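Report on the following structure.
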Amino acid sequence: MEPKITTIERKLIIGKKLEMSLAKQLTPMLWKSFLPIISQIQNRNSNELISFSVYPTDYFRSFDPNTKFEKWAGVEVTNVADLPPETESFEIVSGMYAEFIYKGLPSEAGPFYHSIFMEWLPNSGYQLDNRPHFEVMGDKYKNDDPNSEEMVYIPIIVR
Numbered sequence: 001m002e003p004k005i006t007t008i009e010r011k012l013i014i015g016k017k018l019e020m021s022l023a024k025q026l027t028p029m030l031w032k033s034f035l036p037i038i039s040q041i042q043n044r045n046s047n048e049l050i051s052f053s054v055y056p057t058d059y060f061r062s063f064d065p066n067t068k069f070e071k072w073a074g075v076e077v078t079n080v081a082d083l084p085p086e087t088e089s090f091e092i093v094s095g096m097y098a099e100f101i102y103k104g105l106p107s108e109a110g111p112f113y114h115s116i117f118m119e120w121l122p123n124s125g126y127q128l129d130n131r132p133h134f135e136v137m138g139d140k141y142k143n144d145d146p147n148s149e150e151m152v153y154i155p156i157i158v159r
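Residue numbering for the sequence shown is 1 to 159, as defined by the UniProt record's numbering.
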């Protein structure tokens with residue numbers, strides 16, 4: 001598993017967020033509440049959906065599946081004027097990311113992420129950076145389909 005190392009320019013996101021943990025996943029509920037209002041969001045710059053997580057600073061240092069983090073469901077926009085009710089804006093700042101392609105069901109992604117954090121990252125010349133981790137669901141994304149593909153972005157810096 002070799003990712004593409006890339007610099008991502010800043011992204012302005014409009015979306016909804018929920019606090020959750022890996023032990024108490026609320027991602028399907030978050031998307032179910034967000035999808036009906038996407039059509040109200042102005043200034044979208046693509047049809048892609050963006051899912052991202054904002055973790056506490058020490059989240060990966062002392063990993064506990066019960067530790068809470070912010071999970072967002074959103075879309076990228078050119079500006080954040082006229083937010084629909086119940087949405088917020090967020091800026092993913094520019095930075096270096098390891099870009100992976102995940103193909104499969106969301107429920108079966110555990111081994112994929114395990115290999116990133118336990119195999120690829122420790123053996124790379126990089127370490128995690130404290131920025132959002134995100135996934136981009138574009139044309140090849142098919143919800144709950146084993147042939148679905150999404151782009152996975154892990155924030156990194158050179159060791």
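The beta carbon of each residue, even a glycine, is placed where N, CA and C say it ideally should be.
Everything numeric in this text was worked out from a predicted model, so none of it was measured.
For the UniProt domain "AraC effector-binding" (1-157), which segments carrying the beta strand (DSSP E) assignment without a break, of at least 3 residues, lie completely within its bounds, in sequence order?
4-8, 11-20, 49-54, 69-77, 88-92, 95-103, 126-128 and 133-137
Alpha-carbon spacing of D145 relative to P106, whole angstroms:
What you label residue 145 is simply residue 145 of the sequence shown in a count that begins at 1. What you label residue 106 is simply residue 106 of the sequence shown in a count that begins at 1. Using only the alpha carbons, I get a separation of about 9 Å.
Measure the alpha-carbon distance for Y153 versus R131 and round it to whole angstroms.
Along the sequence shown, one-based indexing puts residue 153 at 153. Along the sequence shown, one-based indexing puts residue 131 at 131. If you take the alpha carbons of Y153 and R131, they lie about 11 Å apart.
For S33, which residues in the same chain have their Cβ closer than 7 Å to its Cβ, ignoring the five residues on either side in sequence?
Along the sequence shown, read from residue 1 onward, the residue named residue 33 stands at position 33. K16, listed in sequence order.
Assigned exposure category for G138 - 16 Cβ within 10 Å defines buried:
Within the sequence shown, numbered from 1, the residue matching residue 138 stands at position 138. By the neighbour-count rule (16 or more Cβ atoms within 10 Å), G138 is not buried but exposed.
Is it true that the CB of V80 sits closer than 8 Å to the CB of F69?
Within the sequence shown, numbered from 1, the residue matching residue 69 stands at position 69. Within the sequence shown, numbered from 1, the residue matching residue 80 stands at position 80. No, the Cβ-Cβ distance between F69 and V80 is not below 8 Å.
Throw me the rounded Cβ distance for the K4 and E135 pair, which I believe falls under 8 Å.
The count along the sequence shown starts at 1 and reaches residue 4 at position 4. The count along the sequence shown starts at 1 and reaches residue 135 at position 135. In fact, because the Cβ distance is near 15 Å, the residues do not count as touching under 8 Å.
Does L49 pass the burial test, meaning 16 or more other C-beta atoms within 10 Å, or should it be called exposed?
Residue mapping note: residue 49 aligns to position 49 of the sequence shown, counting from 1. When all chains shown are included, L49 counts as buried.
Can you tell me whether F52 is buried or exposed, with buried defined as 16 or more other CB within 10 angstroms of its CB?
Position 52 of the sequence shown, counted from the start, is the residue given in the question as residue 52. Buried is the call here.
How do the region 17-26 and the region 59-76 stand: do at least 3 beta-carbon pairs fall below 8 Å, yes or no?
yes
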